[in-house]
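See below for the structure under consideration.
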Amino acid sequence: MAENSRQDFIKSLPRIYGLYTGGFIVFIFLMAILEQLGVGAATIGILFVAFTVVIYAVIGWLSRTMQVDAYYVAGREVPPVFNGMATAADWMSGASFVALAGGIYFGGHGYLAFVVGWTGGYVLVNSLLAPYLRKFGCYTVPDFIGTRYGGNLARFIATVILVVASFTYVTAQINASGTIASRALLIPFEYGVWFGLLGILLCSMLGGMRAVTWTQVAQYIVLIIAYLVPVIWMSNVQGFGIIPHFSYGDAVSRIAELEASLGVGAAAGGDAPFGGVRVLTTLHNDPGTGMASWKFVTLALCMMAGTASLPHILMRYFTTPSVRAARKSVSWSLLFIFLLYFTAPALATLTKLQVLDPNLATGIIGKSIDEVMALDWIQNWEQVKFLAINDFNGDGLLQINEFFMRPDIVVLATPEIAGLPYVISGLVAAGGMAAAMSTADGLLLAIANALSHDLYYKIVDPKADTRTRLIVARILLIVIGALAAVVASFRLTGILGAVAWAFDFAASGLFFPLVLGVWWKRANRQGAIAGMILGFAAGSAYLYMVRFVGMDPWLGIDHLRFAIIGMPVSLIAMVVVSLATEAPDEETQKMVDAVRDPSGRTILGQEH
Amino acid sequence: MSEPTLKMAEHWQKTRNLTIAVLVIWAIFAFVVHWFAKGLNVSSFLGFPLGYYFAVQGSLVIFVLLIFGQNLMQDKIDADAGISES
Chain R
673 MAENSRQDFI KSLPRIYGLY TGGFIVFIFL MAILEQLGVG AATIGILFVA FTVVIYAVIG
733 WLSRTMQVDA YYVAGREVPP VFNGMATAAD WMSGASFVAL AGGIYFGGHG YLAFVVGWTG
793 GYVLVNSLLA PYLRKFGCYT VPDFIGTRYG GNLARFIATV ILVVASFTYV TAQINASGTI
853 ASRALLIPFE YGVWFGLLGI LLCSMLGGMR AVTWTQVAQY IVLIIAYLVP VIWMSNVQGF
913 GIIPHFSYGD AVSRIAELEA SLGVGAAAGG DAPFGGVRVL TTLHNDPGTG MASWKFVTLA
973 LCMMAGTASL PHILMRYFTT PSVRAARKSV SWSLLFIFLL YFTAPALATL TKLQVLDPNL
1033 ATGIIGKSID EVMALDWIQN WEQVKFLAIN DFNGDGLLQI NEFFMRPDIV VLATPEIAGL
1093 PYVISGLVAA GGMAAAMSTA DGLLLAIANA LSHDLYYKIV DPKADTRTRL IVARILLIVI
1153 GALAAVVASF RLTGILGAVA WAFDFAASGL FFPLVLGVWW KRANRQGAIA GMILGFAAGS
1213 AYLYMVRFVG MDPWLGIDHL RFAIIGMPVS LIAMVVVSLA TEAPDEETQK MVDAVRDPSG
1273 RTILGQEH
Chain Y
316 MSEPTLKMAE HWQKTRNLTI AVLVIWAIFA FVVHWFAKGL NVSSFLGFPL GYYFAVQGSL
376 VIFVLLIFGQ NLMQDKIDAD AGISES
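Chains as they are written, first to last, in our numbering: chain R, 673 to 1280; chain Y, 316 to 401.
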């Protein structure tokens, strides 16, 4: 009976989410009508954020469960396409949504290494890890390390690395959800952080992975609509083509001409009036050679290896019904992620052209300062210190090096720059909130599950009953969420610094122990322990020296790419120590053979 | 757990070869084309400078196709070995 109703539920998923998407579109039109009736922008922003967060919380409540496999791996019943959407939402953080296009706007070609790295990493996930970990049947990533290599020490170290990497990342997400909540709901940032956390916990606490899965699918739908609609609408209003992605090549060439005539590359005319804003100094498409190429590929490599070692992503592939479904769902994940990542450069390019080109109505560079200061969007964003204008040379005209702005503005202000209605700005806020919440959910759950399953159940109290385990898991979720919110409210690092670090931590400590666990039978416990400890320690020590002691980076390997130090150390330590010690026993070798065979039962039982 | 039979050894051999081929293509579009982006920018594709095009779309499209393609071929390898799932 219960089995039947689950089957019916899975079959009706396309209808449920179809209705949901339709409902969301109707809601957008309703807001547009309210705007026409004279309802203010602030009210529309509040309605957008509040309405979507309430929907996620309802889904979270409907998915509540007291079963172990539902809590940890969503009952292993998530169809590939839906798991693809959930992974895409899990993956695309507040930083991807809000900061990526702005990063490209300011960082030029060098920043595109993030775009390449954060998509190419899925090739590694698909070829090296996801299907094999699914066959293994683990609940968490340390569960794999602990069983493949044996022993509580390996499990414990993997848990520590997981917690460090994910916690670094989750504070950035809670920070982002707090920023958006505070701006949309007009409350102070400190309250915004706690509001964001409350929404996140409502989605995950009662139903664990099952609840997070079905809210993440809902969040993906909101975030992708919220990203694509403004870009496509802007492109049509401004005459850049119906689908801008294929036709902005001309805009790239036009920007190159403008950069020469406007003098992009000159330093700012004077000091910025407040922190966070900067002038545009990097050329849009100037790849460079030698060191610039090296920096591009090292950053891309760190982000790719990090993608393949971050536990909140890998654990999404534990939720599919079969090994084949796990592989299929990696391909869907990347397709859904691709939709946003190939839009971000188009957005960055077209917004830049609108601001720079004096022939367009939206252009501001070269216009008189008085005229620019009278624009609505300039006034709105100057008030909240997102941009600044200062006529350093006193000629009454705005030069490129007199215009300061924060990178975030590229996504947030595009609707206003292009003259779109307010309803679009509300939609963008809801999208950013969905992106930040869904990633924070996945990360918090990865941390809490590793602590409750691997540390508490497998190491501290193996006799704990199901009820106790699930209660411990939920208490940990709240405690870790609260800790992350406290850390986030200190605002220690910029969003991007923390996000890149999470990838480097995971790649330094976990990448080779995970990959070699499947691909090298000879890898043993001692080797894995050495690889995890030394790789993680070397990467962290290097980060500390470069970032906090002031050491000069070796070969341009700065704090964003410290996995370039950690990963080779991890690999060498693991290979040398494995070969210097005894080969793993016959049982372990057979286990590896079984992992490579997609058919048959999982290695670990359905409930373990 | 199944015994590592001859058939399984062959299956793993094919799986490994496919994986290596996929990783070679991946490395070309993840690293090589971006290393030479400046040189590639002399040519253009769909109105974009070629090196720039790879970084904003080309490599991404190839990654997507690569994963879908790999999975189709892996399905065939599994079916040939008689161990495909339902």
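We put the beta carbon where it would ideally sit given N, CA and C, even for glycine.
Item	Value
Let me know the secondary structure DSSP gives P916/R once reduced to three states.	helix
Is it the case that the Cβ atoms of A856/R and G868/R are separated by a distance below 8 Å?	no
Step through the CB atoms of chain Y and report whether any lies within less than 8 Å of the CB of D1224/R.	no
Note the first and the last residue of the continuous alpha helix (DSSP H) segment covering F723/R.	A713 to L734
Using only the alpha-carbon positions, how far apart do T1023/R and R1141/R sit?	51 Å
Should the segment 981-993 of chain R be regarded as contacting the segment 797-810 of chain R, the criterion being three or more beta carbon pairs within less than 8 Å?	yes
Helix, strand or coil for G948/R per DSSP?	coil
Where does the unbroken beta strand (DSSP E) through A1209/R begin, and where does it stop?	Note, A1209/R: premise wrong, no beta strand (DSSP E); alpha helix (DSSP H) at R1197 to Y1216.
Around the Cβ of K967/R, are there at least 16 other Cβ atoms within 10 angstroms (buried) or fewer (exposed)?	buried
Helix, strand or coil for I1061/R, going by three-state DSSP, please let me know.	strand
With 8 Å as the threshold, decide whether the Cβ of N332/Y is near any Cβ in chain R.	no
Can the beta-carbon of G628/R be found closer than 8 Å to that of A964/R?	No statement about residue 628/R is possible, as the shown extent of chain R runs from 673 to 1280 and does not include it.
Tell me the rounded alpha-carbon separation between L1123/R and L1148/R.	8 Å
Given a limit of 7 Å on CB to CB distance, which residues of the segment 788-809 of chain R reach chain Y?	V788, T791, G792, Y794, V795, N798 and S799
Do you know offhand how far W905/R's Cα is from L1092/R's?	8 Å
Mapping the DSSP letters down to three states, classify V750/R as helix, strand or coil.	coil
For a contact meaning CB atoms closer than 9 Å, what does T693/R contact in chain Y?	Within chain Y, no residue comes near T693/R; the closest Cβ sits about 22 Å away, beyond 9 Å.
So, with DSSP's three-state summary, where would you put F1014/R?	coil
Can you tell me where the alpha helix (DSSP H) holding F1075/R begins and where it ends?	No alpha helix (DSSP H) contains F1075/R, which is instead part of the beta strand (DSSP E) from F1075 to M1077.
Please check if any C-beta of chain R sits within less than 8 Å of the C-beta of L338/Y.	yes
Start and end of the alpha helix (DSSP H) containing P814/R?	V813 to Y821
With DSSP run on the structure shown, which of helix, strand or coil describes F808/R?	helix
Closer than 8 Å, Cβ to Cβ, to anything on chain Y: give me those residues from the segment 941-956 of chain R, in chain order.	none
What first and last residue would you give for the alpha helix (DSSP H) that runs through V1083/R?	I1081 to I1089
Does any residue of chain R bring its CB to less than 8 Å from the CB of M388/Y?	no
Rounded to a whole number of angstroms, what is the C-alpha to C-alpha distance between E1254/R and N1196/R?	8 Å
For L616/R, which three-state DSSP category applies?	Only positions 673 to 1280 of chain R appear in the structure, and residue 616/R is not among them; the question remains open.
Nearest chain R C-beta to S358/Y closer than 8 Å, yes or no?	no
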